[in-house]
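Reading through the structure tokens given below for one structure.
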Amino acid sequence: MKKPRAYERYEKKSDRFGGSKSPKNPISIGEEFIVTIEETSKSGTGVAKIRGFVVLVNNSNPGERSKD
Numbered sequence: 008m009k010k011p012r013a014y015e016r017y018e019k020k021s022d023r024f025g026g027s028k029s030p031k032n033p034i035s036i037g038e039e040f041i042v043t044i045e046e047t048s049k050s051g052t053g054v055a056k057i058r059g060f061v062v063l064v065n066n067s068n069p070g071e072r073s074k075d
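The working numbering numbers the first residue of the sequence shown as 8 and each following residue consecutively.
Given below as structure tokens:
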């Protein structure tokens, strides 16, 4: 077994990758929101934001309102 690196010695594994300190999702599966498409991604999907969380919407153009 390898020795831990100097910066790994005093931290818990759960803290290293977020663990309990990671932010919670502002939305959950099954919730519906009415969003305004802000821009289009390179693949052509619409990009909207819900409380800072990025949501991708298929078949939409910038400026449209969509129920997601």
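Even glycine gets a Cβ: it sits at the ideal position worked out from N, Cα and C.
Residue i (DSSP reduced to helix, strand or coil)
i	result
Phe40	coil
Gly53	strand
Lys74	strand
Rounded straight-line distance, which links the Cα of residue j to that of residue i
i	j	result
Ser67	Ile36	21 angstroms
Lys49	Leu63	12 angstroms
Ala55	Glu39	13 angstroms
Asn65	Lys10	48 angstroms
Burial state of residue i, where buried means 16 or more other Cβ atoms lie within 10 Å
i	result
Ile44	buried
Val61	exposed
Gly51	exposed
Gly53	buried
Cβ pair residue i, residue j closer than 8 angstroms
i	j	result
Arg72	Pro33	no
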